[in-house]
Structure formats: C-alpha cells, structure tokens
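Below: one structure, written as structure tokens.
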Amino acid sequence: MFDLKKHVKARSIDEAIALLIENPGARLIAGGTDILIKLRHGKQGFSELVDIHDLPQLRFIKLDENNDILIGSGAVFNDIIESGIIQTHIPMLKDAAQSVGGPQIRNVATIGGNICNGVTSADSASSLFALDAVLEIRGRKTKRNIPVSDFYFGPGRVDLKKGEILTNIRISQKNYKGSSGFYYKYAMRNAMDIATIGCAVSLKTKNHVLEDYRIAFGVAGPVPMRCKITEETMRNKKVSRKLLQDISQAVEKDVNPRTSWRATKEFRMNIIKELCVRATKEALKRAGEEI
Amino acid sequence: MAVGKPVKRIDAIAKVTGRAEYTQDLLKPGTLVARYYRSTIAHGRVKTIDVKKALNLKGVEAIFTFDDVPENKFATAGHPFSVDPEHKDVEDRLLLTRDIRFMGDEIAIVVAKDNIIADQALKMIKVSYQEYEPLISPLKILDKKARQIHEGSSNIVGEHEFAFGKNVDEEFKKADHVIKGKFETAMVQHCHIENHISYAYMDDIDRIIIVSSTQIPHIVRRIVGQALSIQLSRVRVIKPFIGGGFGNKQDVILEPMVAFLTLKLDGKPVQINLSREECMLGTRNRHPFFVKVKTGVMNDGTMTAREMDVISITGAYASHGHAIASAGGSKQSSLYPRMATRFHARTLYANIPVAGAMRAYGSPQIIYALECATEDAARKIGIDSVEFRLKNIARQGDMNLLSGKEILSCGMAECLIKGKEFMDWDNKKKEYEKYKKGPVRRGLGVACLSYASGTYPVCVEIAGTRIALNQDGTVHVQVGATEIGQGSDTIVAQMVAETLSLPYEDVRVVQAQDTDVSPFDTGAYASRQAYVVSNAVLRAANELKTKILNHACLMTGKGKKALDIKKGNIIDVNTDNVVMDMKTLSMDSFYHKERGCQLTAEVSFKTTANAPVFGCTFVDITVDIPLFKIKINEIINVHDAGVIINPVQAGGQVHGGVFMGIGAALSEEVLIDPDSGYVYNNNLLDYKFPTFMDIPQIHHDFVETFEPTSGYGNKSLGEPPVITPPPAIRNAVLDATGVCINSLPMSPRNLFVLFQKNGLIGSIRS
Ligand SMILES: Cc1cc2nc3c(=O)[nH]c(=O)nc-3n(C[C@H](O)[C@H](O)[C@H](O)COP(=O)(O)OP(=O)(O)OC[C@H]3O[C@@H](n4cnc5c(N)ncnc54)[C@H](O)[C@@H]3O)c2cc1C
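Read top to bottom, the protein sequences are chains R and P. Under our numbering, the first residue of the first sequence is numbered 157, with each subsequent residue one higher. Under our numbering, the first residue of the second sequence is numbered 515, with each subsequent residue one higher.
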C-alpha cells in the first residue's frame, strides 16, 4: 500500500502541462520505475502524480525531414531496442537500452524518465552525451531546446522548471552519420543492476585515422560527462594499440569518480581506464577497423 | 511404480495458475497491521521512549514497548525440544527489548488499521539512547574489557572441541608437509521469495490460531507456548503454501509476537508482514566464519592430519547459536574419515544482525575452508586435484569415527569420476596451460562434500504419516513433513503410490498443515524430510496395504497370499487377473453393513540412523583480471543422494543449490559498517543476489546408491548442492591466476584488493 495522495491521468501534452501547473506539488510519472521506488520509501514530494504513461504523443521514434532522429520522451527501452532506426544508425543506444534492468523494466521504463531522473548512472545518458543529443522541453507557452550536456545541474537536479515537460530527444544527422559507437556497462550483475561505470564511445575513422572521437562516462562524476581533453588529444591519431593505451592514460585527467560504500574511487578509476579501452575497441570493430 | 519417475509436482498446477494459497491470501477481513519500531543504533540501551503522539494518531489501535511484554526469555531456534537440559537452546530473547544489540533491534510495535498509518505512527515515536561502542570484529568482541552483549555470556554463545583418529600432534610431526591457511566467509542472506509473514487471531476465549509462513509448524506451537507462558494446546498453527525458507523460517520469528498481540487485542486478527528490507535486516542470515586450517600431508598424497579452529559469529542473539559450527564441523569425519582430526570452535555474539539456520547449516563455511585447504595440500605435493581427493575421500565400509557408525553407502569416488569425465578434465588441464598469462586467464576447479541426512543423534528424528482410503479408491495422505516449495509432498505421494501400487494420480497429500490435525513431525530442515519421512511412509503404507488385502479376503473369501494390489486394482497373484478395483473394495469397506471399517493407517516413527551423502562440484572459469570478474564457463554438481525418488525434482534441488552457491561464491555479502554496525545493503538492488543472466547453464548428475537405513534407499539432497560451488570456484581461480582467494565472496570489490596485493593490477591491461 503506497501513500498516494493524488493521481491524475493526462490525455495530451498540453493537459499534462496544465495539470502540473494546477497541482504545484505534483510530479510527472511516465513508467514509474524511479518514482514508485521513492514513493515506496516514503520520500517527500512523490505522492501527487500527473500520469503521462503511454501517451501516444510522446511515444515514437522517427526520422524527420533533415534525417535527424527524434525519440519521444515516452519511448520505452523496448521500443528503442526494437526500432529499426536505432538499430541501423545508433546501435550504441540499443546497447544501452538492452542493459537496463530486466525485461519487465524495459517494457515500461522510458528514456525521458531516465534522463529527467537526473542520476549519473542512467544508462541512456552517456550515449546521449556522446551523440550531442538535444532535448526539447515544453512549458505552458514555451518551447526550448537544450543540449543534454547542459541539462544536468547536479545529482538528481535537472533543468526543468515548474510545468515543464521533456517531449523529445533529437540526435542530429551530423552526430550519427558515419559514426560507430559502443556502450559498455560495468555493473556487479549482468541484469537488474545500476552501472558502477558506464562508458559510451562514438567515433569516425578515415584511412585508419580517428576523424572524430567522443567518449562519455556515467558514474565517473556526479553527473554524466564527456572527456573533452581526451577527445581533443585523440582526434586525428592513427588507430593502433598505442592509441588505446593513450586513451586509457588520458581519461584519468578528465574524470572525477567518487568513493562511496558501493565502490572506492581507486576501484572505479581502474574500471574507467579499462572500459575506455574495451569500448573504443568495440566501436572500432563496428567501424571495420582492426587492431 | 512411482519411485524414480519424473512425475509432475503434486502442486505444480495450483502454483502456476496462482490458485495455491499463501499466508497473505488467507488474511481475515479487517486484519490489523503491526510494524516494529527498530533501533537506529547497534549497541546501547533505551533511556526514554515516548509513544504518546503516535498513540493519538487516528487509526492506531495500540502501541506496545519493551515495558509491556512478558519477562521470560525464550530461544527461537527451530530445534526439537531437548530433554537433556545440557543441550537446550540459549534463551536470550524477549518479544521487545530495551537493551539494543544490533541496528534494527525491536524496541516497540505499532498496531494500526493499515501500513501507511502504522508507518506514520512509527515516525512519531521518540527514543533516546545510552550508546555503547558496537562490538563487531572478533578481536573487539573477545577483548577482556569488552562489554557483555548479553550479561554473563562473556560474548561467547558456545564452544566445543573434538578429535578423532590417531594422535593429531604425532601425525603432524610425521607429515612430510604441513600447510596452513586462513579462511573467511561472508554473512549472506536466504532471499526466499516470500518474506516472513504471520497473523494470529482467536476463535474462542482461550485459543490462538496462528497462520504463518514457517518450515516448522509444530515447533512454532511449542515456542509460542513457552514465550507467552501458555499451554501448548491453546495454540494452533496453520502452515499454508510457503514461498521458500532455506532455513530462515526454521526459526520462530514473528509468531510469538502476533500471538501476543491478538491476546492483548481481544482476539482481533493481527498480521506482521515484513518488507524485504526488514526481512534482510531483522530475521536471520548465515553465520560469517573465520577458520584456521592446518593440514599434514605425505609425499604420496595421503593427508594424515588436520586441525581446524573456528570462530563463528551469531550476531545479536543466539538463535541456532553454536549448533551451526558444531554441525558444520562434524561433516569432516564422513568426507575424510582416515585422517587424524582435531576441531575447535567458538561462537560469538556481536552487534550485527542475527545469524541462524541457512541451507547446509555450517557446512558451506567449514567445507569451503576444508576444500580450499585440501586443494592447497594437493598443489604443495604436485598431484592432480582429482587424483589427490580420490586418495583421501571416504569409501563404503569406512568407519565414521565421530559417530562410530560404518558408512553403509558411499558414491563419493564415482561422483568424482563422473564429474571429471563430464569436464574433460585431463584434456582441458593441458589446453588451459596456454591461458595462465595475460589479462584473461582460465582455470579448472573441484571440491567435494559430505553431508548428513538428518540431525540424529544430536536431535530426535521423528516423522508421522496418516493414510486413509477414500470411498472412490484413492487415498489421502497427511504427513508432518513440511512442504515449503522443495517438493516434499510430491515424493511422499510417490512413495505411497509405490508401496500401495496405486497410480500416482490417486494419491493426494494434504498440503496445508494444521497442528490440531497434522501428524507430528519437527519440520523442514537438515535435508531430513525425504529420508526421515520415508521410514514412516513405508510403514504406514505397508500397514494400509495389509488392511486393504484383508478386506479383499473378507469380500472374496480368498486367502491372504492369493491377492495383491497392482495399478490400483486387487489382483489374483496366480492369474494376474483383476479381482476388483479399489473403488469397489473401498465402497464395501465403508458401507457394507457388517464387515469392514474405514481403512486407515497411522505411523509415527523415529529414525535412529543418519546416512552420510556425498557430492562434488567441477567448474571451468575465465578470470578477467582488469575487470576483476570471474565468468563460469561450465559447472556440474554430481551427487550421491541414494535412490533418486524424482529425477526432475532432484535436479531442481541441485540447480537451486548451485545457483545459491554461485551467489555466495561471487557476489553475495551483507555489508556492515565496521564502526557503527549499519547495514548498507538490506535490499535486492545492493545485495548482489545473482539473476538468471549471471548464472551459466547448470549441469548435474547422480550416482545412485542404495541406503539401507531409509525407507526407499534415498538419502538427503536439499542442502548439499549449495556447499561446493564456492570452494570449487576458488580452486579454479587459484588454477587460473596462482592467487589464493581465501575469503568470500570473490566479488569484484574483493578481487580488486586481493589482485592488487598480489601484483596483478596495473601491469596487466588489455
Ligand atoms: C528494478 C529496476 C531496475 C532498473 N535498472 C536500471 C538500469 O539498469 N539502468 C538505468 O539507467 N536505470 C535503471 N532503473 C531506473 C529506471 O528504470 C530508469 O531510470 C527509467 O528510465 C526511468 O523511467 P520511467 O519512465 O520509469 O520514469 P518515472 O519513474 O516515471 O520518472 C522518473 C523521473 O522523471 C520525471 N519524468 C518522467 N518523464 C518525464 C518527462 N517526459 N518530462 C519531464 N520529467 C519526466 C519524473 O517526474 C520523475 O522525476 C531501474 C529501476 C528499477 C526499478
């Protein structure tokens, strides 16, 4: 039995926004897989809910006229796994979706909830960071687009104002076309676990040279992050074993893992230095490179 | 013939259709909810408690604190009563306590209309504490100046020592090598699917009915009587379907409290339904052990001497206490019976959650240390791990020097040989020589076990069976043996069908148990049930068979020797012709006006033997050094459990056991802050119980022996499969990396520390 005070179902995006404004204490619930845990734990501020679960306006994955990929915030992880668009253009996001929870979770948990929940371990976040995804956020009479990398203020805190809702995530063509990527999740279990470290690599090669290199981590800091110094240093470098070693050396300066009772900083750092190598190797493999 | 057949579980359909009724399905309308107020410190005493505000909350029925409960201390362990006062369980528990012994100790209890109100009321209770330093490490607990967690205990719950065989010291002197090792096992949790739940109400002025998810209904009845100082016969315990227990429900945890509450509240129904978090904190877990082992070995590979010193941590209350270390230690004499052996163990109190019975009762800890030490000895001599064990293990006809009994059935060697063949051991050993360098390595491991089939002669082994012939020619069976998901009702039905020559479908076992009507049996634990109940079932079924045939003689006028039962019919033994079917006979026995009567048989029987069982695990692993991960490529358990009554169910027990064993080996550990006693991970996200994605395909095989002390030649199987995966995996890690991982679990966080210590980190990267 949950201490649920109010639960209203929205039939459209506009109605959801109106309901949020009408009920200042209320929160959105999409799949509920983060919200209901908090409600069960008796946390304050989760007992009034505006329900956007399964809203058709939010549940889609499509290419627009510019060949940008648009993912509705209400797309569940299984939608992402099964989407031909994702499989063809950004298999890395499929890796990430597939690593979430278990089958039941992937059937209800949404990518929007994953991002808006604001935690550093969110499995879809590192890939979206690596892809320079842009979030479309709507308010009562407003609509704004912000890069995912600007969305996070701190653990559990994101750039959403009262009455605002994340409607979709845009991955523009220039960020995925010709790129190969891989998401490597390191956790204590192969399912039903949060990432100890998550690592997403997206790259382009030409004549065995890294034309573009992007690497993002989850749990390497208080929010998901890109490793900008590493990325710049590696651009235009030749694909080789040495390159992998250099990446492993370089990321150390970019990341900022913490000691918690779950894992020490040293432990996480060791994993980070290994995952970047393995994720890069796999991404290179997808790009047809051999090392 | 039903024994040995893979018949469908008797309750399979009821369970998969959701019709099987568990405790929660049976709650009476309006059942009140009780929730504990638990301490937020690990060691101390309540100075003040204020419940006034909480009591005034609408919907709160009552609040009781340590001031309101009976003062008589009771023991909670689900053991049979011991007529020998020396052997009594430690009585150290009150229903609620003012003295705080672990973080989560039960100080007060709120009874309310629902759990939301109860939780709100809990938040309004104000408690102030006198705090003491938490005693968590053995060093601190045993310090002469340490506070006594239980007054007068010196923080030691029990201690014992034994030796068997030749003089141990002499044998160590004569040994070519003496190898020493120190081993540690972690606190782990049962993680049964159904959390602890009980409710109680009164249906008369002085009778308490308790419905509970328990492995031991008859013991619950006795202990509730003791805890509340009321006559045992005033308590009636009903056990519906159970969603697993693994030993955690071989303890009397919630029942005395719900009985107390209904007594206080005019017989109103009151339930306690623990959340997962509470269940993992406030029930029982597996005792962490610290074990020192010394092994004497000759150059030819004969182990000649062994010494073991054990510290077992029982936590805040004794529960099963020292019985765990004692039972664990006793299995050595049936595994390696020809070594001179000395064993010493102490069980300590500590300011951490309470340990109790858990699948295999001390053996996962002792056999882990024993089989790691045995591996180290084999490697010291340079003999193949399997060959080395074959030289030293028990053989049929060996004397178990601790029990003084001959080992009558023993398939240990055959188990090792089967496992070795399955694994293609010799070839793989050679092949894996290539994988001993670099970041990713491979290795093979093996470990053996011996276990018992019950608790005799430490405890009584009593089982009861009642069989009644129905009017339609089928039979109903009642047993005291407790079905908790392990499948015991099914094999009871198979045994009855076998002896009565009835079709399996014609045997119905009454599932729910009710101490008012069920025959007496002490319950589901010690892997005892199939073994102990078999002796009662065989006798009862034989008795009923005689009665049926006697009635057939009355009806037909034929002599006793002329008739028999076959496939549910009375047949003429000379011609094999059907004389009549069972329904005809039964209707006559019930309704003929002069002859016959209701045909029933009831037997209560004490088994006074305890057959040892044997088994082993073989495992093939890959160690990913830079990621601190162990991957199991192949694993097999081979068991000698006597005659296998139902191969599918037996396989299920092995798979479940291996699954749990892998969890204990690789990931499971209750993490406790060493300074404050705070438990970090009493939930299934942070307690790394494996998922199906973490477990490889499990293989199993059996070596069928015939055990003469059992009704159908069967021995125990419920617990043994859990024992050997951890040492086998540890031995495989040693094979792969050359590093001895002598503490469990071999989780990434622990491997990180140990690989670092052994210089495997940094230099090796892929
Ligand atoms: C058993 C289990 C396993 C899990 N495993 C993983 C895992 O492996 N990896 C992982 O990353 N996560 C995991 N999670 C966490 C969770 O499933 C994910 O974060 C999921 O994506 C959340 O989505 P949801 O739709 O369920 O969010 P909800 O719980 O409905 O919402 C989460 C938060 O986002 C807000 N929100 C939701 N949608 C919107 C929107 N459109 N606009 C604005 N705000 C919004 C809500 O108000 C809330 O604050 C697990 C959870 C469980 C229970």
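Glycine included, every Cβ here is placed at the ideal spot set by N, Cα and C. The structure displayed is predicted, hence computed values, not measured ones.
So, is the C-beta of P/Met1207 closer than 8 Å to a C-beta in chain R? yes
R/Ile191 beta carbon near ligand 1 (any heavy atom closer than 7 Å): yes
The segment 342-358 of chain R: positions lying closer than 9 Å to chain P by Cβ: Tyr342, Met344, Arg345, Asn346, Ala347, Met348, Asp349, Ile350, Thr352
Going by the C-beta, is R/Asn270 closer than 7 Å to any heavy atom of ligand 1? yes
Starting from the C-beta of P/Tyr1018, find all residues in its chain whose C-beta is less than 8 Å away, skip the five residues before and the five after it, and write them out in chain order. Ala516, Lys519, Val521, Ala1007, Gln1008, Ala1011
Please return the same chain residues whose Cβ sits closer than 6 Å to the Cβ of P/Phe1216, not counting the five positions on each side in sequence. His1153, Ile1158
Look up R/Leu184 in the DSSP assignment and say whether it is helix, strand or coil. Here R/Leu184 sits in strand by DSSP.
For a contact meaning CB atoms closer than 7 Å, what does R/Asp159 contact in chain P? Ile630
Where do the N-terminal and C-terminal ends of the beta strand (DSSP E) with P/Met716 fall, by residue? 711-716
Would you call the segment 728-748 of chain P and the segment 800-814 of chain P in contact, with 3 or more CB pairs under 8 Å? no
What is the DSSP secondary structure of R/Glu430, counted as helix, strand or coil? helix
Beta-carbon proximity list for P/Ile555, same chain, < 7 Å, skipping 5 on both sides: Ile614, Met617, Tyr643, Glu645
CB contact check: R/Gly198 to chain P, cutoff 8 Å: Taking Cβ atoms only, chain P reaches closer than 8 Å to R/Gly198, which makes this a yes.
Applying a beta-carbon distance threshold of less than 8 Å, which residues of chain R neighbour P/Lys1202? Going along chain R in sequence order, the residues near P/Lys1202 (Cβ under 8 Å) are Met344, Arg345, Asp349.
In the segment 341-414 of chain R, which residue ranges form an unbroken beta strand (DSSP E) of at least 3 residues, counting only runs that do not cross its ends? Counting only runs of 3 or more, we get 353-362, 365-374.
Does the distance from the C-beta atom of P/Cys1130 to that of P/Leu963 stay below 8 Å? Result yes, Cβ atoms of P/Cys1130 and P/Leu963 sit closer than 8 Å.
Do P/Ser596 and P/Lys602 come within 8 Å of each other at the CB atom, strictly closer than that value? yes
From the DSSP output, which residues share a beta bridge with P/Phe1119? P/Ala977
Check whether the Cβ atoms of P/Val692 and P/Gly876 lie closer than 8 Å to each other. no
Have a look at R/Arg397 and R/Asp368 and give me their C-alpha separation to the nearest angstrom. 17 Å
Just curious, the beta strand (DSSP E) that P/Met515 is in, first and last residue? Neither: P/Met515 is in no beta strand (DSSP E) and is coded neither H nor E.
Answer with buried or exposed for P/Ser651, where buried requires no fewer than 16 other C-beta atoms within 10 angstroms of its C-beta. exposed
Compare the C-beta of P/Ser1181 against all C-beta atoms of chain R and say whether one is closer than 8 Å. Yes, P/Ser1181 lies at the interface with chain R (some Cβ there is under 8 Å from its Cβ).
For the alpha helix (DSSP H) containing P/Arg1048, list its first residue and its last residue. Sequence inspection shows Ser at residue 1048 of chain P; the Arg mentioned does not correspond to that position. That run of the alpha helix (DSSP H) goes 1043-1070.
Can you tell me which of the three DSSP states P/Ala1284 falls into? Any property of residue 1284 of chain P remains undetermined from this structure, which presents chain P solely from 515 to 1280.
Could you give the DSSP three-state label for P/Ile827: helix, strand or coil? strand
How about the segment 1104-1120 of chain P and the segment 967-985 of chain P: do they share at least three Cβ pairs that are nearer than 8 Å? yes
Nearest-angstrom Cα distance between P/His710 and P/His704? For P/His710 and P/His704, the distance between alpha carbons rounds to 12 Å.
Once the 5 residues before and after P/Phe678 are set aside, which same chain residues still bring their CB inside 7 Å of it? Ser847, Thr855, Leu915, Leu916
Starting from P/Pro1262, find everything on chain R with Cβ-Cβ shorter than 9 Å and list it in chain order. Tyr342, Met344, Thr352, Ala419, Phe423, Ile427
Would you mind sorting P/Glu1221 into buried or exposed? The rule is 16 or more other CB atoms within 10 Å of its CB. buried
Quick one: Cα of P/Glu1148 to Cα of P/Pro1210, how far? Across the structure, P/Glu1148 and P/Pro1210 are spaced so that their CA atoms are roughly 7 Å apart.
Among R/Cys432, R/Asp207, R/Asp279, which one has its Cα closest to the Cα of R/Asp251? R/Asp279
Given 7 Å as the limit, tell me if P/Val972 has its C-beta closer than that to any heavy atom belonging to ligand 1. no
Under 7 Å by beta carbon: chain R residues contacting P/Tyr1194: Correct list: Trp417.
Could you tell me the alpha carbon to alpha carbon distance between P/Asp1090 and P/Asp718, rounded to whole angstroms? If I take the Cα positions, the gap works out to 55 Å.
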